[in-house]
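So the sequence lines, in the order shown, correspond to chains A and B. Just so you know, this note's numbering puts the end of the first sequence at 370, numbered straight through with nothing missing. Just so you know, this note's numbering puts the end of the second sequence at 748, numbered straight through with nothing missing. Glycine residues also receive a C-beta, built at the ideal position from the N, C-alpha and C atoms. In this text the structure is predicted, and so the values were computed from the model without any measurement.
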Amino acid sequence: MVSAFQVMLYQVTFGLPTIILFVPAIATMRARQDLWLSVFVATLIGFAAVFTAAKLALRFPEETVIQYTPRLLGKFFGKAVGFLYIFTFFLIGAIVLRSFGELMTTAFFPETPIIVFLGILTLLACYVVYLDLEVLCRLITLWGVFGISFFIILALLLKDIEIGRFLPLLEHGIGPVIAEAIAPAGCCVGAALILMVLPFMSDKHRALRNGLLAVFILFGFMMLVAVPIIGTLGAESVSRYLFPYLTLYRRIHLVTLPVLERQDPIIMGIWIGGLLWKLGIVMHAGLLGLGQWLGLRSYRPLIFPAGAFLVALSIQGWESVIDLFTSLGEVSAPFLFLPFMILPALLLLVAVARGIRGKR
Amino acid sequence: MRRRLAKKLKDLLVQSKKPKWPGKQPTVPPEPAPGVPDKVWEPAELKRMPVSPDLTANIRLIKEIMARNTDFVLREFAVGPQQVPAALAYASALVERVQLNSHILKSLMLEYPPDLPVSLAPVREQVVTVAETEELADFWQVVAALLAGKAALFLPGESRALGLDVRGCEGRAISEAETEGVVRGPRDAFVENIEQNVMLIRRRIKTPNLVMEKFVLGRLTQSAVVLGYIKGLAAPELVREVRERVKRIDTDAVLESNTIEEMIVDYPLSLFPQVITTERPDRAAAALAEGRVVLITDTTPFAVILPVTLASLLQSPEDFYHPAGISTAIRWLRYLAFLASVLASPLYVAITTFHQEMIPFKLLLSVAAAREGVPLPAVMEALVMEAVFELLREAGVRLPRPVGQAVSIVGALVIGEAAVMAGAVSPLMVIVVAGAGIASFATPAYELAIPMRLLRFPMILLAGTLGLFGLTAGLLAILIHLAGMRSFGIPYLAPLAPTKFSELKDVFWRTPLWAMRTRPETAKRDWYRQAVPKPGPPPEEKG
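Written out as structure tokens, the structure is:
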């Protein structure tokens, strides 16, 4: 059993590493200096998604979405929708893995083959998933302590932020702002994962409130990402960097405290943890779903095959880091709206119309 | 020629078959004494043999059972003026002779009231002046009593023997704790005698709710194990679980508390300690007051405290004997030392091998200068140095005390200095390894310092092959392992993850004692520790 507080952190962790790592680079392609406005739009979308998802999940408090879709839509369509969810989780897992590998090879270890990083991270994730959701949530809580230090360092950049870099406001109108909200929103709607974890929550009545809170926290972090990046680097250069946030951290130089010349390897350490927990979350959700979809008693025998599958998928899925980024912005992020926003809304509609409820 | 050689060879062969010393021929095993076979006595068999009313039969049986034991004494005598024959059995090494003579034999032989009938009840109630007596119905009980250092009195016409507690075991005097020293705080430590250990705890906690349940474990050793807890504080489920697990232990010998520890912990293959072992009674008492459970084993001065969390392993009993601020500072120093003990050398390896850009320029110059001419890569250098350090530590433990000092000086100073002078290792590496070594000794729990020292080796390897990424991956693996562990239902990283905000008061800082109003999670059933605020000076009058 996990508490509502832990589930909230779980939902935040699902979005945060991707938001920090990739979203600025993708989102500034069109919205430029108005990235921070897109954040508002993304948050609104996130609120809507988590609201629908929580309402649907609370209708079936003891089951995951994989279990009750066949009852709602009939056997065939129900199983199809269930498969779509499982596919989504594994797809996100592959994206996380590959982007992590690309980060490591591009920024830190250009000579090392990418499979090393993918393999190690997947093995660790397998270990976490083997120990189950409760342990995963504990680890996320623990990592939160480090995560805070991650943002405290940002205070050192306050003096570099220039308001002029945010101007002109709405240079190309409101259109690009909304269009570019898709990538960050793709991470925010992940709070809809409550569909998978609600049965394991000890205080279920807090699911909706804490879900909304999670999106709000994500909003805060997105602002913490968007404002310093645009304010210090400027939209022009942000859109050219592959990992703008890392570049940001490379700027930090403590003259008065000459202990470490650069902080970015430490940031990398914290990041690895964040990405690992995210991978753990999607692997756990995917495997839990797959086990229930196949009617297995335990998903544990599937862990290692799924890990191997994920590594293969993440290597085969994209040609290069550019390919990955393009598909992230153009395909994956919009696709996430389907399982995390549109489908829950449809399912909720069906459930209300047919008057189906889960056991209390 | 050939024949001679063959003959010689044959002679040699024959000679080798001949017994060289005729006197050393195997002797025939001595005949078992008539009526006293070399029989192996099973407990079940002994339990089926009741004490019979026939005194001679009893004497014969007990002699058969204790055959060939030279320290076993059977004293036959006549009781009082009635001249009733009786027998007293005891193990001479385990009893206190004075007590035996003056309270039992004297009162039975010389001071027996002439008008009193000689049977068990009057002897027990009016004659023998021994505090603890018990009736022994079968020979299993008799033997158990004898081997525990009691005397057994056989009287004719009685189907029970009388067990008399005249134990007089020599033991070590209570002395200072060897492994858990403190600057301020009580000095006494547990000893090998379980009754003295129980006494040491009882003297600290004077409540009838302190329960000391006794178990007898080990088929051969029959060691006493005491399960101590405070009723109303310790969770009943926890006590029940520990009791069940301890009861299920079935083994030959319980010589040290580690036998019990290893048998009952949740993750027997984990490197990390899942109980606190302590030889300090004040620590055991503090644990009892927190609603934990203490297991004391006979013949060892190390008690076991359950359940355990990582935070409690990093606490020292002294934390509560110094002012709160100082304790907090020292505790943080200890946390840093705990991290440094596993991270210092891997970090050095990772940074100098992979992430030179992290080192400030001036420091980088001195690192490069120090490493110039060192033949080994940093990772090998670190591994070798760590191995040497571990060797010194182990040798220091094993060596006789007067020699140990010399070896550590020669090992640490002379070899270290010479290695640096010869250019075999860089001086920075020596500093780092020695610092990590000192840090590991600052960990209050020895059994926690050991796994951290062991884990340094794979961490150095990871850091040397994959830099900070490898180091992080290794750390994450350890963290996942720790987060996945439970000790008797309590998560290992308990107040941190899962987060219990009310308990962080004893983790991140040491709350002043007057502000520590609630008990920890393990003693949640009686949540409030103190009802009144801190007794201070009377409030000043305004005016």
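For this session: Indicate the three-state DSSP secondary structure (helix, strand or coil) for B/T502 in the structure shown.
Result: Position 297 of the second sequence, counting from 1, holds the residue named residue 502 of chain B. DSSP places B/T502 in strand when its eight states are reduced to three.
For this session: Would you mind telling me which residues of chain A sit closer than 8 Å to B/I685, beta carbon to beta carbon, in chain order?
Result: Here residue 685 of chain B is taken as the residue at index 480 of the second sequence, counted from 1. Per Cβ cutoff of 8 Å: L134, Y137, V138, L141, V145 and L149.
For this session: Check the DSSP bridge columns for B/L422 and list the partner residues they point to.
Result: One-based indexing of the second sequence puts residue 422 of chain B at position 217. Bridge partners of B/L422: B/S428.
Problem set entry | Residue-level contact to chain B via CB, A/I30, 8 Å cutoff | Numbered from 1 along the first sequence, position 20 holds the residue referred to as residue 30 of chain A. Closer than 8 Å: no.
Exercise. Given a limit of 7 Å on CB to CB distance, which residues of the stretch 275–291 of chain A reach chain B?
Worked result: P275, M278, G279, I282, G283 and L286
Problem set entry | Residues of its chain near A/D142, where Cβ-Cβ distance is below 6 Å and the 5 sequence neighbours each way are ignored | Here residue 142 of chain A refers to the residue found at position 132 of the first sequence. Nothing meets the Cβ criterion.
For this session: Could you tell me whether the stretch 466–482 of chain B touches the stretch 642–655 of chain B, where touching means 3 or more Cβ pairs closer than 8 Å?
Result: yes
For this session: Kindly say whether B/P649, judged by its beta-carbon, lies nearer than 8 Å to any beta-carbon of chain A.
Result: Locating residue 649 of chain B in the second sequence gives position 444, counting from the first residue. Judged by the 8 Å Cβ criterion, B/P649 is not in contact with chain A.
Exercise. Hey, is A/L252's beta-carbon within less than 8 Å of any beta-carbon in chain B?
Worked result: Reading the first sequence from its first residue, position 242 is the one you call residue 252 of chain A. It does not; no Cβ of chain B falls within 8 Å.
For this session: Return the CA-CA distance between B/V332 and B/P319, expressed in angstroms with no decimal places.
Result: Mapped onto the second sequence, residue 332 of chain B falls at position 127. Mapped onto the second sequence, residue 319 of chain B falls at position 114. Going by the C-alpha atoms only, they are around 12 Å apart.
Exercise. Whose C-alpha, out of B/L597, B/M254, B/V712 and B/L325, is nearest the C-alpha of B/L519?
Worked result: Taking the second sequence and counting its residues from 1, one reaches residue 519 of chain B at position 314. Comparing Cα positions, the closest option is B/V712.
Exercise. Thinking C-beta only, is B/A342 closer than 8 Å to B/G496?
Worked result: The residue given as residue 496 of chain B occupies position 291 in the second sequence. The residue given as residue 342 of chain B occupies position 137 in the second sequence. No.
Problem set entry | Span separating the alpha-carbon of B/A629 from that of B/V619 | Here residue 629 of chain B corresponds to residue number 424 of the second sequence, with the count starting at 1. Here residue 619 of chain B corresponds to residue number 414 of the second sequence, with the count starting at 1. Rounded to the nearest angstrom, the two C-alpha atoms are 14 Å apart.
Exercise. Roughly how many angstroms lie between the CA atoms of B/Q610 and B/G601, to the nearest whole one?
Worked result: For the purposes of this step, residue 610 of chain B is taken as the residue at position 405 of the second sequence. For the purposes of this step, residue 601 of chain B is taken as the residue at position 396 of the second sequence. If you take the alpha carbons of B/Q610 and B/G601, they lie about 8 Å apart.
Problem set entry | For B/R207, three-class secondary structure by DSSP | Numbered from its first residue, the second sequence carries residue 207 of chain B at position 2. If DSSP states are grouped into helix, strand and coil, B/R207 belongs with the helices.
For this session: Answer with yes or no whether the minimum CB distance from A/I130 to chain B is below 8 Å.
Result: On the first sequence, residue 130 of chain A is found 120 positions in, with the first residue counted as 1. Chain B contact via Cβ: present.
Exercise. Which stretch, first to last residue, makes up the beta strand (DSSP E) that contains B/G368?
Worked result: One-based indexing of the second sequence puts residue 368 of chain B at position 163. Looking at the DSSP string, the run of the beta strand (DSSP E) that includes B/G368 is A366 to L369.
Exercise. Count the other CB atoms within 10 Å of the CB of B/G741; is the residue buried (16 or more) or exposed (fewer)?
Worked result: Within the second sequence, the letter at position 536 stands for residue 741 of chain B. Label assigned to B/G741: exposed.
Exercise. Which residue's Cα is closest to the Cα of A/K288: A/M233, A/R108 and A/G305?
Worked result: Your numbering for residue 288 of chain A matches position 278 in the first sequence. Nearest C-alpha to A/K288: A/R108.
Exercise. Assuming A/P354 contacts A/L205 under a Cβ cut-off of 8 Å, what Cβ separation, rounded to an integer in Å, is found between them?
Worked result: Residue mapping note: residue 354 of chain A aligns to position 344 of the first sequence, counting from 1. Residue mapping note: residue 205 of chain A aligns to position 195 of the first sequence, counting from 1. Yes, they are in contact, since the Cβ atoms of A/P354 and A/L205 sit about 7 Å apart, within 8 Å.
Exercise. Under 8 Å between the Cβ atoms of A/I125 and A/I325?
Worked result: Reading the first sequence from its first residue, position 115 is the one you call residue 125 of chain A. Reading the first sequence from its first residue, position 315 is the one you call residue 325 of chain A. A contact, by the Cβ cut-off of 8 Å.
Exercise. Regarding A/S342 and the ligand ADP, is the C-beta to nearest heavy atom distance less than 7 Å?
Worked result: Here there are no bound small molecules, and the ligand ADP is not part of this structure.
Exercise. Would DSSP call B/M664 helix, strand or coil?
Worked result: Against the second sequence, residue 664 of chain B aligns to sequence position 459. B/M664: helix per DSSP, three-state reduction.
For this session: Count the C-beta pairs between the stretch 282–296 of chain A and the stretch 138–152 of chain A that are closer than 8 Å, then say yes if the count reaches three, no if not.
Result: yes
Exercise. How big is the Cα-Cα spacing for B/V547 and B/L438?
Worked result: Counted from its first residue, the second sequence places residue 547 of chain B at position 342. Counted from its first residue, the second sequence places residue 438 of chain B at position 233. Roughly 36 Å separates the two Cα atoms.
Exercise. Got a sec: is the Cβ-Cβ distance from A/F156 to anything in chain B below 8 Å?
Worked result: The residue given as residue 156 of chain A occupies position 146 in the first sequence. Not one chain B Cβ lies under 8 Å of A/F156.
For this session: Would you kindly report the start and end of the unbroken alpha helix (DSSP H) that includes A/Y259?
Result: Numbered from its first residue, the first sequence carries residue 259 of chain A at position 249. Run containing A/Y259: P254 to R261, per the alpha helix (DSSP H) assignment.
Exercise. Which value, in whole angstroms, describes the spacing of the CA atoms of B/I379 and B/R488?
Worked result: Position 174 of the second sequence holds residue 379 of chain B. Position 283 of the second sequence holds residue 488 of chain B. Each residue's Cα considered, the two are about 16 Å apart.
Exercise. How is the alpha helix (DSSP H) around A/L304 delimited, first residue to last?
Worked result: Position 294 of the first sequence, counted from the start, is the residue given in the question as residue 304 of chain A. It spans D274 to L304 - the alpha helix (DSSP H) in which A/L304 sits, taken as one unbroken run.
Problem set entry | Stretch pair the stretch 46–59 of chain A + the stretch 192–203 of chain A: three plus CB contacts closer than 8 Å | yes
Exercise. Which two residues bound the contiguous alpha helix (DSSP H) that contains B/V749?
Worked result: Nothing can be reported for residue 749 of chain B: it is not among the residues displayed for chain B, which extend from 206 to 748.
For this session: Please confirm whether B/K710 and B/T704 have their CB atoms less than 8 Å apart.
Result: Sequence index remark: in the second sequence, residue 710 of chain B carries index 505 (1-based). Sequence index remark: in the second sequence, residue 704 of chain B carries index 499 (1-based). Against a cut-off of 8 Å, the Cβ pair of B/T704 and B/K710 comes out as no contact.
For this session: Return yes when the Cβ of B/L541 is within less than 8 Å of the Cβ of B/I159, no when it is not.
Result: Given that chain B is displayed from residue 206 to residue 748, the structure contains no residue 159 of chain B and the question cannot be resolved.
Exercise. Of all the beta strand (DSSP E) runs that stay within the bounds of the stretch 195–260 of chain A, which reach a length of 3 or more residues?
Worked result: none
For this session: Return helix, strand or coil for B/D393, following the three-state DSSP convention.
Result: Here the question's residue 393 of chain B lines up with position 188 in the second sequence. DSSP places B/D393 in strand when its eight states are reduced to three.
Exercise. Which first and last residues belong to the beta strand (DSSP E) in which B/L511 is found?
Worked result: Against the second sequence, residue 511 of chain B aligns to sequence position 306. It spans A508 to L511 - the beta strand (DSSP E) in which B/L511 sits, taken as one unbroken run.
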